[in-house]
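Q: Here it is: the structure, laid out below.
Number of protein chains: 2
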Amino acid sequence: MPQAKTSRVRIQDVAALSGLSICTVSRALRQLPNVSAQAKARVGDAVAQLGYKASSAASRLAGGNTGSVAIIAPTATAWFFARAVEAAEEVFADSGYDTVLISLRNRPSVQQKLFGDLAGLAQRVDGVLLLNIGLSEPEMAALAGSGLALASVGMHGVPWDNVGIDNAEAARAATNHLLALGHRDVAILAGSETGAPSLVTANERRRGFEQAMAGHGLAVDPDLVLDAGSSIEGGRRAMAELAENRKMPSAIFAGCDETAFGALMAMREFGLSAPENVSIIGIDDHQMSWFLGLTTMAQPVADQGAFAANLLIERLHRSGLPNPPPASPPSNHLLDTKLVERTSTRRR
Amino acid sequence: MPQAKTSRVRIQDVAALSGLSICTVSRALRQLPNVSAQAKARVGDAVAQLGYKASSAASRLAGGNTGSVAIIAPTATAWFFARAVEAAEEVFADSGYDTVLISLRNRPSVQQKLFGDLAGLAQRVDGVLLLNIGLSEPEMAALAGSGLALASVGMHGVPWDNVGIDNAEAARAATNHLLALGHRDVAILAGSETGAPSLVTANERRRGFEQAMAGHGLAVDPDLVLDAGSSIEGGRRAMAELAENRKMPSAIFAGCDETAFGALMAMREFGLSAPENVSIIGIDDHQMSWFLGLTTMAQPVADQGAFAANLLIERLHRSGLPNPPPASPPSNHLLDTKLVERTSTRRR
DNA sequence: AGGTCGATTGTAAGCGCTTACAAATTTGGC
DNA sequence: GCCAAATTTGTAAGCGCTTACAATCGACCT
């Protein structure tokens with residue numbers, strides 16, 4: 013059992029016990045080259061015996077690493093982000109990093125403030141994991157030049173490692189599912205373009221929808237194209253609009269499950285239901301979707317978070333080396349989505 | 013605009029610009045006494061002009077504060093915790109603190125490891141906010157003696173500030189609602205005792221239920237008392253047990269909304285529905301509850317997180333002073349719950 | 001006017017670690 | 001076997017901040 017109380021175990025104590033100099037211990041601890049196997053072993057023993065752990069503050073101050081990384085999310089409450097954050101946190105914790113959570117709370121002012129002092133952030137963490145953050149060009153450049161290790165989930169065209177899904181493909185598959193069931197009047201309830209170059213998820217999903225329709229020689233009816241954002245409320249409003257002022261489609265492709273929830277809710281208010289009156293499919297496989305019987309394209313959320321976290325850790329380790337090898341080019345990984353058929357869709 | 017790049021603005025630069033010594037600047041910065049108003053003003057100007065921000069690492073190393081606090085949650089994905097975390101994070105961010113997220117991932121081993129090195133934690137953060145953590149006596153003592161500022165949400169009998177709701181009262185009110193609607197055969201689907209002295213939420217809710225029943229001169233039917241944990245799956249299993257092996261009650265009190273969701277799900281599988289066959293009420297007012305028409309006792313989750321965070325910040329500020337005033341005794345704040353009537357309950 | 005006390009400010013010694021750079025040790029080639 | 005090169009280890013100077021403790025500076029008494 014590591015002793016705890018009595019002041020602090022310092023690197024000097026390890027040095028004394030192992031009969032080596034502080035410097036050698038420091039190097040051994042950080043796996044730097046030019047340390048004999050014997051020295052490494054001695055240091056290892058001493059560390060175990062003393063229960064030594066380096067002071068992150070001291071280490072940071074002296075030019076080393078902070079031992080923590082930040083996760084930046086648009087909000088921490090949404091299902092997607094909560095899951096991704098937890099998965100990433102697990103990876104970070106297992107690698108010995110503290111996770112600093114920064115929620116933008118969907119507020120541009122918070123984001124502005126954060127990017128206004130990136131240097132400050134860089135001082136407190138070694139790396140940053142971005143979750144679906146819409147970045148302006150200057151922000152992207154500032155990040156890339158901040159010296160921070162970077163990785164992201166669900167972003168595009170960014171100069172760092174990214175993990176996501178093929179949104180167009182998922183939308184195409186979802187729409188094709190509807191089409192294969194014989195539906196022809198298909199509505200789309202999805203988000204609209206955000207403008208941020210790094211975040212085009214909604215756009216890609218729209219495109220996938222259009223491609224699938226075109227692939228079946230079908231025209232997209234403008235009356236059946238609604239902007240529903242990606243919230244429950246948005247889905248509800250869009251569905252109400254459809255029922256009240258437009259026309260009822262035979263099936264609906266919802267940009268994400270939460271939008272579909274809202275649509276289902278609105279349906280109920282109009283005395284409609286799925287799949288009796290309309291079929292509906294979403295994207296996500298939200299925790300509640302199986303409960304509501306929503307057919308959806310499942311995306312691996314925790315996997316995306318964990319994968320991106322691992323990529324970040326790798327970069328961190330590489331840049332921790334004395335002669336940082338030439339940085340490998342940013343990679344972009346697309347994880348698979350999968351159709352999960354439930355009861356909200358049926359043959360026309 | 014604060015300049016950023018060119019190396020770092022150090023306290024020494026501020027001292028030079030303001031014509032004071034480093035030491036005085038340091039004191040002025042931390043609002044310590046014995047600094048003339050003039051000096052304070054000069055320092056203020058210089059700081060603004062230079063865009064100075066203290067290095068948390070250096071400050072920490074020298075014996076100051078880390079400028080960050082940890083939030084420890086059983087899991088980050090559950091609705092309750094995600095919301096509480098975000099609310100707390102906002103308070104911390106606004107107070108200039110970084111938020112380190114630590115999820116126990118519902119795994120005892122993670123908790124053990126964390127408490128095995130509290131000294132390490134104490135080195136990286138100034139305070140800790142605990143969210144519904146079940147603590148053993150030794151763990152509680154270790155925390156209390158760690159020197160960390162502490163606050164919690166939903167814990168009981170702890171020697172630090174706590175914020176929560178009156179669980180017994182909420183359960184009583186929920187049950188009384190059912191009783192007032194004329195129901196007499198009321199089942200309870202709730203969690204069971206966890207054993208951890210700091211966490212007795214489920215127990216208190218059971219007690220409230222029993223009190224309400226007794227208040228109406230009703231005996232609790234053992235056949236209608238089920239352990240459902242606090243998960244969707246638990247609620248589903250409990251409801252299935254009720255339908256298959258026990259008897260159908262006229263109404264159900266679910267210990268939390270997620271349990272109620274599971275029960276509703278199971279009902280559907282058995283061709284039942286609420287409120288047609290049984291009325292059902294939960295506690296929480298989960299995001300999806302309005303969607304499902306679940307009547308529930310709403311509890312202010314974000315408020316609890318924010319409130320507790322503020323209490324922590326206060327302690328932090330007080331303990332930051334040179335002659336820490338005698339610590340005020342731990343306070344316990346109970347926030348109000350409110351009945352939200354929806355469609356899942358009706359007169360018998 | 002000399003002396004004292006309290007308020008303010010300055011000096012300097014670290015906090016625990018990293019990192020040039022120098023010293024010591026080993027390896028290898030001829 | 002002897003010297004240069006390579007490898008391993010040690011020395012010492014900070015990193016930017018806090019904090020005793022010492023030094024100043026007035027105001028206030030006698």
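Protein chains in written order, with our numbering: chain D, 13 to 360; chain Z, 13 to 360.
For each residue, glycine too, the CB sits at the ideal point set by N, CA and C.
Note that this is a predicted model, so its numbers are computed, not measured.
(1) Residue 73 of chain D and residue 26 of chain D: beta carbons closer than 8 Å?
(2) Shorter than 8 Å from the beta carbon of residue 26 of chain D to some beta carbon of chain Z?
(3) What residue range is occupied by the uninterrupted beta strand (DSSP E) comprising residue 111 of chain Z?
(4) Would residue 3 of chain D be called buried (16 or more neighbouring beta carbons within 10 Å of its own) or exposed?
(5) By a C-beta neighbour count over all protein chains shown, 10 Å radius and 16 as the cutoff for buried, is residue 15 of chain Z buried or exposed?
(6) Spell out whether any CB of chain D is found under 8 Å from the CB atom of residue 275 of chain Z.
(7) For residue 16 of chain D and chain Z, any beta-carbon pair shorter than 8 Å?
(8) Using only alpha-carbon positions, find the residue among Z:211, Z:98, Z:200, Z:330 that is nearest to residue 232 of chain Z.
(9) Rounded to whole angstroms, what's the CA-CA distance from residue 78 of chain D to residue 135 of chain D? Just pull it up for me.
(10) Measuring only the C-alpha atoms, how far is residue 75 of chain D from residue 164 of chain D?
(11) Are the beta-carbon atoms belonging to residue 305 of chain D and residue 271 of chain D less than 8 Å from one another?
(12) Determine the contact status of residue 82 of chain Z and residue 148 of chain Z, defining contact as a CB-CB distance below 8 Å.
(13) Residue 350 of chain D touches chain Z at which residues, Cβ-Cβ below 7 Å?
(14) On the DSSP letters alone, give me the boundaries of the beta strand (DSSP E) that residue 350 of chain D sits inside.
(15) What three-state label does DSSP hand residue 185 of chain Z in the structure shown?
(16) Should residue 353 of chain D be labelled buried (16 or more other beta-carbon atoms within 10 Å of its own) or exposed?
(17) Measuring CA to CA, which of D:356, D:347, D:358, D:360 is closest to residue 182 of chain D?
(18) From residue 13 of chain Z to residue 291 of chain D, what distance separates their C-alpha atoms?
(19) In the DSSP assignment, the beta strand (DSSP E) including residue 92 of chain Z goes from what residue to what residue?
(20) With a CB to CB cut of under 8 Å and the five nearest residues on each side skipped, what residues in its chain are close to residue 24 of chain Z?
(21) Just to make sure I have the definition right: I need the residues of chain Z whose C-beta is within less than 9 Å of the C-beta of residue 163 of chain D. Which are they?
(22) If residue 71 of chain D sits next to residue 112 of chain D, beta carbons under 8 Å apart, how far is it from one beta carbon to the other, in whole angstroms?
(23) Between which two residues does the alpha helix (DSSP H) holding residue 26 of chain D run?
(24) For chain Z, check one thing: does any of its Cβ atoms lie closer than 8 Å to the Cβ of residue 75 of chain D?
(25) Residue 113 of chain D touches chain Z at which residues, Cβ-Cβ below 9 Å?
(26) Which partner residues does residue 344 of chain Z have in the DSSP bridge list?
(27) Just to confirm the assignment, what range does the beta strand (DSSP E) spanning residue 146 of chain D have?
(28) Cα separation between residue 359 of chain D and residue 206 of chain Z?
(29) At a Cβ cut of 7 Å, what residues of the segment 32-65 of chain D count as close to chain Z, listed as they run along the chain?
(30) Quick one: which unbroken beta strand (DSSP E) runs of 3-plus residues sit fully inside the segment 257-342 of chain D? Chain order, please.
(31) At the 8 Å Cβ level, is residue 240 of chain Z part of the contact set with chain D, yes or no?
(32) Is the segment 83-98 of chain D touching the segment 85-93 of chain Z, taking contact as three or more C-beta pairs under 8 Å?
(33) Output yes if chain Z places a C-beta closer than 8 Å to the C-beta of residue 300 of chain D; else output no.
(34) Taking the beta strand (DSSP E) that residue 237 of chain D falls in, what are its first and last residues?
(35) Anything in chain D within Cβ reach of residue 70 of chain Z, meaning under 7 Å, just list it in chain order.
(36) Within 10 angstroms of the Cβ of residue 285 of chain D, are there 16 or more other Cβ atoms? Answer buried if so, exposed if not.
A: In terms of the structure at hand:
(1) Your numbering for residue 73 of chain D matches position 61 in the first sequence. Your numbering for residue 26 of chain D matches position 14 in the first sequence. By the CB criterion at 8 Å, residue 73 of chain D and residue 26 of chain D fall outside the cutoff.
(2) By one-based count along the first sequence, residue 26 of chain D stands at place 14. No, no contact with chain Z.
(3) To locate residue 111 of chain Z, count along the second sequence from 1; it is residue 99. Taken as a continuous stretch (DSSP letters only), the beta strand (DSSP E) holding residue 111 of chain Z covers 110-115.
(4) Lying before the first or after the last residue shown, residue 3 of chain D is absent from chain D, which here runs from 13 to 360.
(5) In the second sequence, the residue the question calls residue 15 of chain Z occupies position 3. Low per-residue confidence applies at residue 15 of chain Z: pLDDT is 35, beneath 50, and the placement is therefore not dependable enough to give any value.
(6) Against the second sequence, residue 275 of chain Z aligns to sequence position 263. Output row for residue 275 of chain Z: interface = no.
(7) Within the first sequence, numbered from 1, the residue matching residue 16 of chain D stands at position 4. Its pLDDT being 38, under 50, residue 16 of chain D is placed unreliably in this model, and the value from its coordinates should be taken loosely. Chain Z, which has a Cβ nearer than 8 Å to the Cβ of residue 16 of chain D, makes this yes.
(8) Along the second sequence, read from residue 1 onward, the residue named residue 232 of chain Z stands at position 220. Nearest option by C-alpha distance: Z:200.
(9) Mapped onto the first sequence, residue 78 of chain D falls at position 66. Mapped onto the first sequence, residue 135 of chain D falls at position 123. In this structure, the alpha-carbon of residue 78 of chain D lies about 8 Å from that of residue 135 of chain D.
(10) Taking the first sequence and counting its residues from 1, the one referred to as residue 75 of chain D is at position 63. Taking the first sequence and counting its residues from 1, the one referred to as residue 164 of chain D is at position 152. Approximately 26 Å between the Cα atoms of the pair.
(11) For the purposes of this step, residue 305 of chain D is taken as residue 293 along the first sequence, with counting starting at 1. For the purposes of this step, residue 271 of chain D is taken as residue 259 along the first sequence, with counting starting at 1. Taking 8 Å as the Cβ cut-off, residue 305 of chain D and residue 271 of chain D do not qualify as a contacting pair.
(12) To locate residue 82 of chain Z, count along the second sequence from 1; it is residue 70. To locate residue 148 of chain Z, count along the second sequence from 1; it is residue 136. No.
(13) Within the first sequence, residue 350 of chain D is the residue found at index 338, counting from 1. In chain order: nothing, as chain Z lies at least about 20 Å away.
(14) Counting from one through the first sequence, the residue named residue 350 of chain D turns up at place 338. Segment 350-352, the beta strand (DSSP E) holding residue 350 of chain D.
(15) Within the second sequence, numbered from 1, the residue matching residue 185 of chain Z stands at position 173. Three-state result, residue 185 of chain Z: helix.
(16) Here residue 353 of chain D refers to the residue found at position 341 of the first sequence. Residue 353 of chain D comes out exposed.
(17) Position 170 of the first sequence, counted from the start, is the residue given in the question as residue 182 of chain D. If we check each option's Cα against that of residue 182 of chain D, D:347 comes out closest.
(18) The residue you call residue 13 of chain Z lines up with position 1 of the second sequence. The residue you call residue 291 of chain D lines up with position 279 of the first sequence. Its pLDDT being 36, under 50, residue 13 of chain Z is placed unreliably in this model, and the value from its coordinates should be taken loosely. Whole-angstrom Cα-Cα distance: 54 Å.
(19) Within the second sequence, the letter at position 80 stands for residue 92 of chain Z. First-last for residue 92 of chain Z: 91-106, but that is the alpha helix (DSSP H), not the beta strand (DSSP E).
(20) Looking up residue 24 of chain Z in the second sequence gives position 12. Within the same chain, residue 24 of chain Z has close Cβ partners 34.
(21) Within the first sequence, the letter at position 151 stands for residue 163 of chain D. Within chain Z, no residue comes near residue 163 of chain D; the closest Cβ sits about 17 Å away, beyond 9 Å.
(22) Looking up residue 71 of chain D in the first sequence gives position 59. Looking up residue 112 of chain D in the first sequence gives position 100. Actually they do not touch by this definition, with Cβ atoms about 16 Å apart.
(23) Locating residue 26 of chain D in the first sequence gives position 14, counting from the first residue. Here the alpha helix (DSSP H) through residue 26 of chain D covers 23-30.
(24) In the first sequence, the residue the question calls residue 75 of chain D occupies position 63. Judged by the 8 Å Cβ criterion, residue 75 of chain D is not in contact with chain Z.
(25) Your numbering for residue 113 of chain D matches position 101 in the first sequence. Those within 9 Å of residue 113 of chain D in chain Z are 83, 88, 97, 98, 101, 110, 111, 112, 113.
(26) Against the second sequence, residue 344 of chain Z aligns to sequence position 332. Note: residue 344 of chain Z sits in a beta bridge opposite Z:174.
(27) Here residue 146 of chain D is taken as the residue at index 134 of the first sequence, counted from 1. Unbroken run through residue 146 of chain D: none, as it is neither H nor E.
(28) Here residue 359 of chain D corresponds to residue number 347 of the first sequence, with the count starting at 1. Here residue 206 of chain Z corresponds to residue number 194 of the second sequence, with the count starting at 1. For residue 359 of chain D and residue 206 of chain Z, the distance between alpha carbons rounds to 48 Å.
(29) For the segment 32-65 of chain D, the beta-carbon criterion of a distance under 7 Å to any beta-carbon of chain Z is satisfied by 65.
(30) 263-266, 291-296, 307-310
(31) Position 228 of the second sequence, counted from the first residue, corresponds to residue 240 of chain Z. It does not; no Cβ of chain D falls within 8 Å.
(32) yes
(33) Along the first sequence, one-based indexing puts residue 300 of chain D at 288. Closer than 8 Å to some Cβ of chain Z, the Cβ of residue 300 of chain D qualifies, so yes.
(34) For the purposes of this step, residue 237 of chain D is taken as residue 225 along the first sequence, with counting starting at 1. Boundaries of the beta strand (DSSP E) around residue 237 of chain D: 237-239.
(35) In the second sequence, the residue the question calls residue 70 of chain Z occupies position 58. The answer, in chain order, is 73.
(36) Residue 285 of chain D sits at position 273 when you count from the first residue of the first sequence. Residue 285 of chain D should be labelled exposed.
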